Amino acid sequence: VGDLRIDLAARHVFVRETEVHLTPLEYKLLTTMAHHAGKVLTHRFLLKEVWGPHDVHETNYLRVFMAGLRRKIEADSTQPRYLLTEQGVGYRLAGE
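Each residue of the sequence shown is one higher than the last, beginning at 9 in my numbering.
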């Protein structure tokens with residue numbers, strides 16, 4: 009997606025050809041969103057996929073990790089280009 013590239017085989021993430029180091033949970037969150045790029049993913053879906061079924065109501069986990077991921081990936085985390093919020097629903101990774 010634009011300047012964001014994920015090498016799934018090597019488990020590397022690049023923004024503008026610079027490698028971005030992610031925690032395992034940040035990587036899992038990003039790749040989950042990448043598999044559904046362009047689609048709105050609910051908070052519940054992302055929590056279940058990344059943290060498991062026992063944490064589907066812990067939306068604060070998701071907010072904290074999304075903020076951290078944005079700081080690492082976005083040029084301006086307050087004006088995201090890739091990791092978009094769908095107010096009251098969830099998040100979406102911008103499509104091509």
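Glycine residues also receive a C-beta, built at the ideal position from the N, C-alpha and C atoms.
No experiment lies behind these values; they were computed from the predicted model shown.
Reference residue i; option with closest CA among the options
{"i": "residue 95", "options": "10, 39 and 50", "result": "50"}
{"i": "residue 31", "options": "46, 67 and 72", "result": "72"}
{"i": "residue 65", "options": "90, 54 and 83", "result": "54"}
{"i": "residue 26", "options": "52, 68, 39 and 83", "result": "83"}
Burial state of residue i (16 or more Cβ within 10 Å)
{"i": "residue 115", "result": "Residue numbering for the chain in the displayed model covers 9 to 104; residue 115 lies beyond these limits and cannot be assessed."}
{"i": "residue 16", "result": "exposed"}
{"i": "residue 34", "result": "buried"}
Proximity of residue i and residue j at Cβ, strictly below 9 Å
{"i": "residue 105", "j": "residue 36", "result": "Any property of residue 105 remains undetermined from this structure, which presents the chain solely from 9 to 104."}
{"i": "residue 101", "j": "residue 9", "result": "yes"}
{"i": "residue 103", "j": "residue 46", "result": "yes"}
{"i": "residue 70", "j": "residue 99", "result": "yes"}
Beta-bridge pairing of residue i - partner residues as DSSP gives them
{"i": "residue 28", "result": "21"}
{"i": "residue 15", "result": "20"}
Q. Which residue spans inside the region 35-100 form an unbroken alpha helix (DSSP H) run of at least 4?
A. 51-59 and 67-81
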